[in-house]
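Chains as they are written, first to last, in our numbering: chain A, 1 to 649; chain B, 1001 to 1649.
Glycine residues also receive a C-beta, built at the ideal position from the N, C-alpha and C atoms.
Owing to the predicted nature of the structure, the values given are computational and were not obtained by experimental measurement.
One structure is given below, encoded as structure tokens.
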């Protein structure tokens, strides 16, 4: 029951950070990040301690280490850098430092005038043992130190030799770790590639855009060019699969489609195939491959929608009726949220006799599209499928494809939003769309960009989606569109818009509705991208600023500062070494000019109170000279509702 | 790899409370407590959920359960009562409630005028399955419900039958739990007996008290009577073992004892024996047994000191030299904190080749004294021994003897204090002695009596110990003694004094020292217990108030309220059902009268603003009528520096 070796491993190591739920879920970081690790490390008695962060790729056997230092009150800190897009593990090793403990006592005894002959013999024994563990030059060097201590002509000279830093360094290198204590758990870090943290998304329907007919992937290459020209990084396509004919929805979500109406792309599956097929009107799989190549050439990644549901015509319905819910009469149930009915969609039953086959099929679908160059999946309504399914799926997929990004489209209760991120989603949609007042914006953005939530949650902010045209845009017009875009693009390193935003499209289906009128979900649309008043240049400029400023590419560096007008938000983002410092002022009132005195953290920035500094406003390309801890901004909806400053010294 | 049954267990159960460090350590409660359990419990989709606290004694195989209810925002709460002095385990089971989910949808469909023939067949199938799981009367009853639904003359009547509460109750009783999800961990609760939480301790040296000679256990029975008469619950004796002669300390900690000086009881072990022997001058083991019996008869428990160290004359030194530290010349090291030396004491080496024998010996010693009626151990300096040793020892001892109380005498850094409590100590000494100002008292007492710390830490407050005569007592005289006693006795349910306190003994060894002059650690003392100005009646009264007021017997119910004088602390303790409500006012300034307006939480107490209530002051036995949310107290050091009110309506 008691292993004697183990009984000597007595260092207490607790409250390790960063961890999520005590280590139940991994923390998230990105390639190149320095992972700052801390823990309470202490032991009975008065010995000096040593502690190390131990870390490794989860798929590599050997631990690497980096030393920790005592911060205060038994809290220790260290760090390691994650260089690969992979899962890492880290833990902590700690042990007493017998040499430094001995040395410290020796110095106190000498200071008190005590005889230290016996103590010097103890120290010599430690050096001898270290020499025994060392080889080569180190062994020889330790042997010389041993001789210097043992053969010193006086205790004073022996003590002086023992106290030299070079000896301590050698002793460190040949420390006996046999009785070191390791933390009780290993903690996981999912290291995503940078795109997992920094990306501007552009959503469009590839079937739209060509007057009078269904667009193809070839046609949609024009959209890729537009997206690339505006500076987006990811294009996200609603489902590209065959669409069911049974109970197909018509324009404006009409219960029955008229002949020729294309139906909702989320009614996935037809006689032409299911989740691994391409809608024939979009082209062939080869056309899709060409589309992906074209995107890549433009510096864009392609994100597909992954919606686990089937139209009544989906091949799964014939081949795997057991994956669906059945009525007592044997027919398959369509989706319902009583009393609402969604006859064009069958939900999958995750609670059948044996859910394994369906789970594996989902993984196969994802891997199929990875095989066709898709790097990102925007997952539709993940909160209506079991959390543990996602935990399994994402881990399984990323095992072979750590580069794959999953975005959770869950607009639901807060704890479900959080657990989906914890379970593995790289990014998450947020409540940003519904946070329009200063206080709620500050509170919510602080919550999602700071620990504990930011250890696992990356919020991707969307001013609009095909499902959500917020009242703020319906009523605030063009100034509101600019305001919400700047907020999304600078509060988070991840944001996206659904096409049409650049044209200020804001007609709701009905008053009080967040649905678009003539929603593109149910019909083809053509647009005049050069229409008067479009925001293309503005969006392009904002995306360029994001690309030029690393501070805006980081997620966890958002800090709100004081602004003395309740309609003005004022926040900053900076790099760790402060060589990029960006401040943003946004007037949340699209109807009136607002001015505010704003706080600048000059102390933190190392700027003296009387020292002038330049605030270069990037949207207007105008520089201002500020001085002291407060500045002044004036934000006119007609001109510059938002300002993005970079600090220049 | 994937067990199909397991894949259907998809309820998310997280953030379970109460737990310590995510379940790494047990929480502490006492016999009769209601353990309030909560957790986040949720699942994808919209089904109704059911959740249960599952609990059992750790040594019993079968789980019991108690239902949880949804509080809000996916947080669920339930409770169970711990009836035995034992370790308990609890966890959570949750599952969808298919019948209520079906019923809720049915009602919505009916309200929307939909045909529900198919839905009624589904509901009937659920009832039929439940009938199949039931037996006897329930099976028959479910059969009847089934018939009522299936044979109802109309859908409306079938729906009405399905909605009756009696059916839901039956369905609850025969729920299919096969796919229920259990929380990922079981959480431990150490349930101590009430004395673990509520006790007044009295420390005395049994060798003292008889003029001109070493006292015996027989003599010390008089001390038991005094302690019992003052209303104490536990008497704690410094070590009662033989004392070493080598390097014995003399009076006032002199390096060498004069002939006849008794030495420090903490220099344990002599030719007469070690930790399992009784000092011959105190008597025999049989005398000790009689002393324990006498204590019991007086309603007192006996606590022994457990100090893991040996005098040079301890039998361990001869029999197990390997349990000690050795110098290069082979001699055994005495205790040192360089440059200080403690030649009369050898510390034990917990890092020898095989520490197991020493660990087992410590357990044997504890069990030896348990065999002689000792129920409580005050552990000397536990922070100088490995934490994991204590974790093992206390668990091992309490496995057979759950009634044993361990008090940690650690005055050290905060994280070590905490981890010792987490590792198993029933009670802990605190920083109370050094918290004398209002703000620091409020902050510290709130910290140790509220979660998270109070889940595992019970602070035992000592105004003095043989090692600590605080400056506040040295300078504040009798008023300070009364003030610190009332604070200790009412801030915590656990407190203690070292004898002499009742006489106001406050002469330090030297100015600025916290050591007593002529410390009883090194010499025999006789006292005139009836000396003028003694606090015996005062202490007796305070202990009686503690015994009469359950609110003062609880640990985690301390709340500070506002008092508008910086020298007046004002706090309350109440029982959960508020049938005992006590308020305490203490003037922290022993030199001047202080008066304050104090806040009374009348809303929480259900007292209307214009409703008078009686505040009966228990030390003076005087009643006051108060009205409204503020009262007035005036505290004169010469008379009543502290007031203890009980609320009477």
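Around the C-beta of residue 340 of chain A, fewer than 16 other C-beta atoms lie within 10 Å, and the residue is accordingly described as exposed. In this structure, DSSP gives residue 1126 of chain B a helical state, which the three-state scheme calls helix.
The alpha helix (DSSP H) runs of length 4 or more contained entirely in the segment 568-612 of chain A are, from start to end of the chain, 602-605. Within the segment 1413-1437 of chain B, the residues whose Cβ lies closer than 8 angstroms to some Cβ of chain A are 1413, 1414, 1415, 1416 and 1419, listed in chain order. For the alpha helix (DSSP H) assignment, the uninterrupted runs of no fewer than 4 residues enclosed by the segment 1042-1129 of chain B are, from N- to C-terminal side, 1098-1111. According to the DSSP assignment, residue 1288 of chain B belongs to the alpha helix (DSSP H) that extends over 1285-1297. Sequence-distant partners of residue 1392 of chain B (beyond 5 residues in either direction) whose C-beta falls short of 8 angstroms from its own C-beta, in its chain, are 1359.
With respect to the C-alpha of residue 1557 of chain B, the residue from B:1583, B:1343 and B:1537 having the closest C-alpha is B:1583. DSSP places residue 196 of chain A within a helical segment (H, G or I) once states are collapsed to three.
CA-to-CA, the gap between residue 13 of chain A and residue 1250 of chain B works out to about 41 angstroms.
Listed in chain order, the alpha helix (DSSP H) elements of length 4 or more contained wholly in the segment 440-525 of chain A are 471-491. The DSSP assignment places 1387-1400 and 1414-1423 as complete runs of the alpha helix (DSSP H) inside the segment 1371-1439 of chain B, in order along the chain (cut-off: 4 residues). Apart from the 5 residues on each side of it in sequence, residue 1219 of chain B sits with its Cβ closer than 8 angstroms to the Cβ of 1206, 1209 and 1210 in its chain, given in chain order. In this structure, residue 1019 of chain B lies away from residue 1183 of chain B, with their beta-carbon atoms at least 8 angstroms apart. Counting along the chain, residue 1028 of chain B sits inside the beta strand (DSSP E) bounded by residues 1027-1030.
At a C-beta separation below 7 angstroms, residue 1252 of chain B has no neighbours in chain A, since its nearest C-beta there lies roughly 21 angstroms away.
At a C-beta separation below 9 angstroms, residue 1354 of chain B has these neighbours in chain A: 4 and 7. Annotated three-state conformation of residue 240 of chain A is coil, per DSSP.
Residue environment analysis places residue 1587 of chain B among the buried positions, since at least 16 neighbouring C-beta atoms fall within 10 angstroms of its C-beta. Around the beta carbon of residue 1244 of chain B, a 10 Å sphere encloses 16 or more other beta carbons of the protein chains shown; the residue is thus reported as buried. Distance from the CA atom of residue 426 of chain A to the CA atom of residue 379 of chain A, rounded to whole angstroms, is 11 angstroms. The count of Cβ pairs closer than 8 angstroms, one atom from the segment 458-474 of chain A and one from the segment 510-522 of chain A, reaches three, so the stretches are in contact. By the CB criterion at 8 angstroms, residue 1405 of chain B and residue 1274 of chain B fall outside the cutoff. By the rule that beta-carbons nearer than 8 angstroms mark a contact, residue 1385 of chain B touches chain A. Residue 1337 of chain B belongs to the set of residues whose beta carbon lies under 8 angstroms from a beta carbon in chain A. In this structure, DSSP gives residue 1647 of chain B an extended state, which the three-state scheme calls strand. Under the three-state reduction of DSSP, residue 1268 of chain B is assigned to strand. Interface annotation, residue 312 of chain A: not in contact with chain B, CB-CB separation never under 8 angstroms. Around residue 561 of chain A, no beta-carbon contact reaches into chain B at under 7 angstroms, the shortest distance being about 30 angstroms.
If you compare the alpha carbons of B:1475, B:1644 and B:1448 with that of residue 1543 of chain B, the shortest gap goes to B:1644. At a cut-off of 8 angstroms, the C-beta of residue 1388 of chain B has a neighbouring C-beta in chain A. Taking one beta carbon from each stretch, the segment 1042-1062 of chain B and the segment 1154-1161 of chain B have fewer than 3 pairs nearer than 8 angstroms; the two do not touch. Near chain B, meaning a CB-to-CB distance below 7 angstroms, the residues of the segment 12-38 of chain A are 12, 14, 21 and 22.
Residue 1126 of chain B and residue 1099 of chain B have their alpha carbons spaced roughly 7 angstroms apart.
Between residue 267 of chain A and residue 345 of chain A, the C-beta spacing is below 8 angstroms. In the DSSP assignment, residue 143 of chain A falls outside any beta strand (DSSP E) and within the unbroken alpha helix (DSSP H) covering 136-150.
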